[in-house]
Structures are given as structure tokens and as C-alpha cells.
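The structure appears right after this line, and notes come after that.
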Amino acid sequence: MPRPVPVPDAVSKPFWDACNERRLIVQRCSACDRRQFPPEATCRDCGSEANLEWVATSGRGRIHGAIVMHDSRIKMWQPLQPYNLVGIALEDDPAIKFMSNLPGVPVHEVPVGAAVEVEFIEASPEQLVPEWRIVG
Amino acid sequence: MGELLRTSEDVGIWEHRGKVALVGRGHSPVYRRWDGKDMTQTLGALSILAAKAAMEDAGVTPDQIDGVITCPGGQSNGALMGAPWGPGRPYFAAPYDTEDGLSKVTAEWLVRELGLKNVKYVNSDGDNLFMMVGQGAQAVGDGKCNNLLILYPAGNLEGRYQQNESTNAPGPTQWTNPWGWGMGIAYPFAEYCRKYGSNHDRMAPFILNSRRNGLMVPWGYYALHEPYQLTTEDYLSARWICEPLSMLDCDRPVQASACYLMTTAERAKDMKQKPVYVLDYTMSSNRPRSNFETLEDTEAWTDAMARKVWKGSGLHASDIDVFNPYDGFALFTQYFLEAFQWHGVKRGEAHDFYAGDISVEGPHPLLPSGGNIGTGRTRTAIFTDCMEQLQGRAGPRQISGKREIALAGGVLPVNAGWTVFSSIPDA
Ligand SMILES: [Zn+2]
Chain A
2 MPRPVPVPDA VSKPFWDACN ERRLIVQRCS ACDRRQFPPE ATCRDCGSEA
52 NLEWVATSGR GRIHGAIVMH DSRIKMWQPL QPYNLVGIAL EDDPAIKFMS
102 NLPGVPVHEV PVGAAVEVEF IEASPEQLVP EWRIVG
Chain B
22 MGELLRTSED VGIWEHRGKV ALVGRGHSPV YRRWDGKDMT QTLGALSILA
72 AKAAMEDAGV TPDQIDGVIT CPGGQSNGAL MGAPWGPGRP YFAAPYDTED
122 GLSKVTAEWL VRELGLKNVK YVNSDGDNLF MMVGQGAQAV GDGKCNNLLI
172 LYPAGNLEGR YQQNESTNAP GPTQWTNPWG WGMGIAYPFA EYCRKYGSNH
222 DRMAPFILNS RRNGLMVPWG YYALHEPYQL TTEDYLSARW ICEPLSMLDC
272 DRPVQASACY LMTTAERAKD MKQKPVYVLD YTMSSNRPRS NFETLEDTEA
322 WTDAMARKVW KGSGLHASDI DVFNPYDGFA LFTQYFLEAF QWHGVKRGEA
372 HDFYAGDISV EGPHPLLPSG GNIGTGRTRT AIFTDCMEQL QGRAGPRQIS
422 GKREIALAGG VLPVNAGWTV FSSIPDA
């Protein structure tokens, strides 16, 4: 399904490269022991750059919340309305949230709280992006 | 954007508490859009009307004005233009020979077109309106000027704005647009309803009350152009934008301008209107913990705003007689209401409160201005109402009982400025 293709920048490139290897990674500050996503040039808490590292995630999470888009400002998404906008809380650190459309789950039927796991889908032939599916 | 001030959680009592006052307000008529042709409805033309009205209201002459602050107004939120616009478009004869005066108004443009001869403080770099009121108060308190015009132009051109036709998602959009994210204000509201056992329908009394109050604002969009009350059925049948955010939870973008005259408490005594003293302002700028705003973020941010207002003003929730929290979108006003615990409303109780008597005649007159929902996206109704309530000239919107202290603020939970006003300088 066509969708806007993320354009990696200096900070985000490791994340998108990892997606292409079907790995979901986030930044972690070793000084603060805090994960952060989306990635940034420095730690949000201590401002350090040197202590930021990329770490693997479990790729598991829970559905944190859901809304339904009926009138998107993003042209590419308008033919797909109404569609799910779902927040995913990462199992490793529920403060870390990802976005999802929960493909295959009808709008108004998103089971908030359900366990999910990451999968990777094509935004373009060159770029995979994380998506999520309900487990079991 | 201007510098944010008084942002610390440990903010103390403002050094100029009660030493600065609002003494005049002026509104242009409010139109839905500018058609690009009618030169009487440019943002510049409307700003001249508003500024002259503010000076007239205060009884101050143009020669007495020594400061002007404004902020990039123009198209709503500085958003992408809906219609083809910008460099390459045809311009008009002076003073409309550039974008300045058409879709934006700088302080320099206003100074020139009003022929203000004694201005020593010119600032076109104010932050959004809610911050700019504080920035203006600080400038007057610091002695940078004595009679300050605070101008807020709100523009709306033809077409739909912020439409994104890109097939790529660069910059911050790489984290949102691949999933078609948008209207994220609906997300914490959905969480709220789940957490506290409410639903979107229960917003109806608040929306209807705001429209009703707005119809009592003579310059407002609805009073001028759609002068009828909404029904509950209208609200419940409004089309979804991003469920649970419907069309009637959104404010109507408008073409309008408003202006305030702020001065020192000393000078205010001799002016035409009863002074409305500024007791405190504070500002907050936040970021979600992760990729989008959650209810947890929203509640933490708004709680912090309330703590700052109480620390900065030395007042408490029970002191606030007039409460005008921002409402564009209407879905977030409840977080402000609950954070400030106005009339004792605690987390999860806003919708119950809405179901009670929140009319201006009743015991809990929430948002007596009608806000943006009742007047259009001028953003200024809340400040004008605070003035008029404290001055006793709010007409049919005048609330009963004690009216010494007013609180107004916005824009969003993520980014807000709050100002405390009083009819007495040492309240
Ligand atoms: Zn750190």
C-alpha cells in the first residue's frame, strides 16, 4: 500500500537501516538508563551525546490507545479513510510509543490492551517501516 | 518566536505584580476568509480598525503610544497556505505592496500605517498570543514602554490549509506520516474517556454553552454571520474529523484582528476604563515523552501549569472568579479545567461538570467568553472577556457574584501561557 516514505537523516538513519534488516531499535542513554524514541542527537534528560547508544527491543508491545482518522491532511492516506490510528506501548519500556494502523483490524474494533508484535512492511521497495499485529 | 519567560516550576511572585494593566481592547469585525481582493478586509486593514478601537477604548491618542508588539499571525498557525499564495502573486498599491499588511501584520507596518511617532519598543517577534500577553506585560513592567499596543491578527485565506501532498516523509513527519497520523489531540481524549468512563457525547453541553456565550459577543463570527444556537442533535451528528474529534470540536478559522492597550498601573488610573491589573503570567513549553501526546503527558503538563500559576500569583483555585481556558480544540479545555480544579473539578470530573449549570447566569460560569467555539478562531475572546467581566461591562455575559480575579490561557496543553488579571492591584 503506498504511503509517505520516511526520509532518513543523520540521526534517524540507524533506525531506518535497522528496519530494513527487520530489527526494531531505539536509543538508550547509558548515563540515565532511559530509552528514547523518536531518536535525537542528544539525550532528552541529560543532554549527553556520548552516552547515547542504539539498543535492540523485544519487538513486543501492547495496544495503548486508538482513534479513527476520517479526514486526514495527508493526501496519500485520504483514499483509505476511515482508518485506524493506534498507539503501541513497547513492552521493554511502556513509555516508548510507536504508531500503527493495525492492518486487518476494522475501525472501532481495536482491542486496547491486547498484546502485539512488530512486523515490517514496505513503504517503498527500498524502505521497510514498523507495523504491528495482534499476537495469538 | 520570542523568548519564553517565567517557565520554571519554581517561579516566584512576579516582580511587577499589579504594576501593569490592560486598559483598552479593540476588535475588528470577524470574517470567515479574506478573498484576496477586498482591501477593507486585509489583515492590515482589520488591524488598523482593531488598534484604533483599542486606543479609543482607553482614551489614549496615537502620539501616546510608545510600544507595539505583535507576532507572526497570518494564516492560521503559520500553516501552509491553502490557495496559491506568496512570492510571485500580484501585489497591490502601497501599503499592500508586500505580504506585510495582507496575510500578516508586523509591528513596523502598524507603526507606519497608524503614523505612530513616539514608539520606542517595536517587537514583531512575539510568541503566540497567549505568550505574547505575558511578553507585553514584562516589557511594560521593565519600562521598555509605557503605552503598549498588543496586536493579534488572525488570518484565513481561501482553500484548505495544511494539506500535505508529499509522497515522502522528511524531518519530524518521518515519525508520523508513514502511518497517516494527525489530529493527535483526539488520542488523549479517547484515553480520557476510557480511563474515566465517559464518552464524546458528553461534550455537548459544553459546546452548546460556548456557542450561546459566543452569540453574546457582538463582534464574534457567529454573532455576525450565523446567529443561531446549536442543538445537541447538531453536535451529535457532526461529521468526524478524527474520531472522537468532530467538526464541532474544532474552531472555525477566521479573518480578524484584535488589539489591546497595556500600560503601567500608575498611568492606568487616569484613563477611560477601569484598569485590569496583571498579577502574574507564566509560560510552559513541553514535549511528549515519546512519539505522540498521551493522556499521561497531558495531565502532567497541565498540572504543572496550574502549580506555576498558583506559585506565580500567590493565589488559589478558589480565588479565580472568571475562568477562560482556551478551547480551540474544545477537546482539551477539560484538562485545563481539571488541572486548575476550578470550582473543585478534579481529574475525570469535567464532563459531569459540563452536565451541570455552566451558563453565565448560573453558579459555574465556565468560559463566559464563549471562546473560539463561540466566536471563531480569533483566540482573543478569552482576554477581552476577562477584561469586560472585571470591568463590569460584559453585558449579557456578565457573571454574577464576586468578580475580582480572572484567569485566561492557552494555546495547548503542550505549549501554553497563562495570565492572571485583577480589578484590584494588590489582590
Ligand atoms: Zn541521559
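Sequence lines, in order, name chains A and B. Residues 2 to 137 (my numbering) are what the first sequence spells out, left to right. Residues 22 to 448 (my numbering) are what the second sequence spells out, left to right. For every residue, glycine included, the Cβ atom is placed at its ideal position computed from N, Cα and C.
Can you round the beta-carbon distance between M330 of chain B and T303 of chain B to whole angstroms, since I take them to be within the 8 Å contact cut? Per the sequence shown, residue 330 of chain B should be read as Val rather than Met. The pair is a contact, with the Cβ atoms about 6 Å apart (cut-off 8 Å).
Name the DSSP bridge partner or partners of I122 of chain A? A:V130
Taking F313 of chain B as part of the beta strand (DSSP E), name the residues at either end of that continuous run. Unbroken run through F313 of chain B: none, as it is neither H nor E.
By how many angstroms is the C-alpha of I68 of chain A removed from the C-alpha of V435 of chain B? 19 Å
Less than 8 Å separating the beta-carbons of V126 of chain B and L178 of chain B? no
Determine the chain B residues that contact R101 of chain A at a beta-carbon separation under 8 Å, and present them in chain order. It is worth fixing the name first, because residue 101 of chain A is Ser in this sequence and not Arg. In chain order: W200.
Between the stretch 88–100 of chain A and chain B, which residues of the former have CB atoms less than 8 Å from a CB of the latter, in chain order? G88, A96, I97, K98, F99, M100
How many angstroms separate the CA atom of G192 of chain B from the CA atom of P7 of chain A? 8 Å
Mind checking whether the beta-carbon of S311 of chain B lies closer than 7 Å to any heavy atom of ligand 1? no
Comparing alpha-carbon positions, which option in A:R35, A:V12, A:L86, A:R36 lies nearest E110 of chain A? A:L86
Return the residue from the list B:F227, B:I86, B:S187, B:R133 that minimises the CA-CA distance to T252 of chain B. Nearest C-alpha to T252 of chain B: B:F227.
Taking the straight line between their C-alpha atoms, what separation do you get for E425 of chain B and Q159 of chain B? 22 Å
Limits of the alpha helix (DSSP H) - the one that N234 of chain B falls within: From DSSP, the alpha helix (DSSP H) with N234 of chain B extends over 225–235.
Give me whichever residues DSSP pairs with D121 of chain B in a beta bridge. Answer is B:K125, bridged to D121 of chain B.
Please classify F16 of chain A as buried or exposed, where buried requires at least 16 other C-beta atoms within 10 Å of its C-beta. buried
On the DSSP letters alone, give me the boundaries of the alpha helix (DSSP H) that P15 of chain A sits inside. 14–21
Please work out which residues of its chain come closer than 8 Å, Cβ to Cβ, to A104 of chain B, disregarding the five sequence neighbours upstream and downstream, and give them in chain order. With a pLDDT of 42 at A104 of chain B, under the threshold of 50, the modelled position of that residue is not reliable, and the figure given next carries that caveat. Closer than 8 Å at Cβ, skipping near neighbours: G57, L178, E179, G180.
Excluding the 5 residues flanking G99 of chain B on each side, which residues of the same chain have their C-beta closer than 6 Å to its C-beta? Bear in mind that the predicted position of G99 of chain B carries a pLDDT of just 46, short of 50, making it too unreliable to give a figure here.
Alpha carbons only, please: which of B:R53, B:G45, B:G65 is nearest the one belonging to L245 of chain B? B:R53
For a test of the three-state rule: what should DSSP assign to A437 of chain B, helix, strand or coil? strand
Listed in chain order, which residues of the stretch 353–369 of chain B have Cβ atoms closer than 7 Å to some Cβ of chain A? none
At the 8 Å Cβ level, is D72 of chain A part of the contact set with chain B, yes or no? yes
Below 7 Å, is the gap between the Cβ of D94 of chain A and the nearest heavy atom of ligand 1? A distance criterion of 7 Å places the beta-carbon of D94 of chain A beyond contact range of ligand 1, judged by its closest non-hydrogen atom.
What I want to know is whether the C-beta of A42 of chain A ends up closer than 7 Å to one or more non-hydrogen atoms of ligand 2. The model depicted lacks ligand 2 and carries ligand 1 instead.
So is K138 of chain B buried or exposed if we call it buried at 16+ other beta carbons inside 10 Å? exposed
By the three-class DSSP mapping on this structure, what secondary structure does P68 of chain A have? The sequence given here has Ile at residue 68 of chain A, not Pro. Note: I68 of chain A maps to strand in three-state DSSP.
Any idea what DSSP makes of G88 of chain B, helix, strand or coil? strand
Determine the DSSP secondary structure at G103 of chain B, reduced to helix, strand or coil. Since pLDDT at G103 of chain B reaches only 39, below the 50 mark, its modelled position is unreliable, and no value is offered.
Tell me whether the stretch 383–392 of chain B and the stretch 403–418 of chain B touch, counting them as touching only if at least three CB pairs, one residue from each stretch, are closer than 8 Å. With a cut-off of 8 Å on Cβ pairs, the stretch 383–392 of chain B is in contact with the stretch 403–418 of chain B, counting three or more such pairs.
Any residues in the stretch 32–44 of chain B with a beta carbon nearer than 9 Å to a beta carbon of chain A? Which ones, in chain order? Residues of the stretch 32–44 of chain B with a C-beta less than 9 Å from any C-beta of chain A: none at all.
Report the partner residues of Q276 of chain B according to the DSSP bridge assignment. B:Y52
Could you check the C-alpha separation between L269 of chain B and I97 of chain A for me, to the nearest Å? 32 Å
Quick one, which residues of the stretch 192–216 of chain B are near chain A if we go by CB-CB under 9 Å, in chain order? G192, P193, T194, Q195, W196, T197, N198, P199, W200, G201, W202, G203, M204, G205, A207, Y208, P209, F210, A211, E212, R215
With 16 other Cβ atoms within 10 Å as the buried cut-off, status of T323 of chain B: buried
Taking contact to mean 3 or more Cβ pairs, one atom from each stretch, closer than 8 Å, check whether the stretch 78–85 of chain A and the stretch 25–40 of chain A are in contact. Touching, no, given that fewer than three Cβ pairs across the two stretches are closer than 8 Å.
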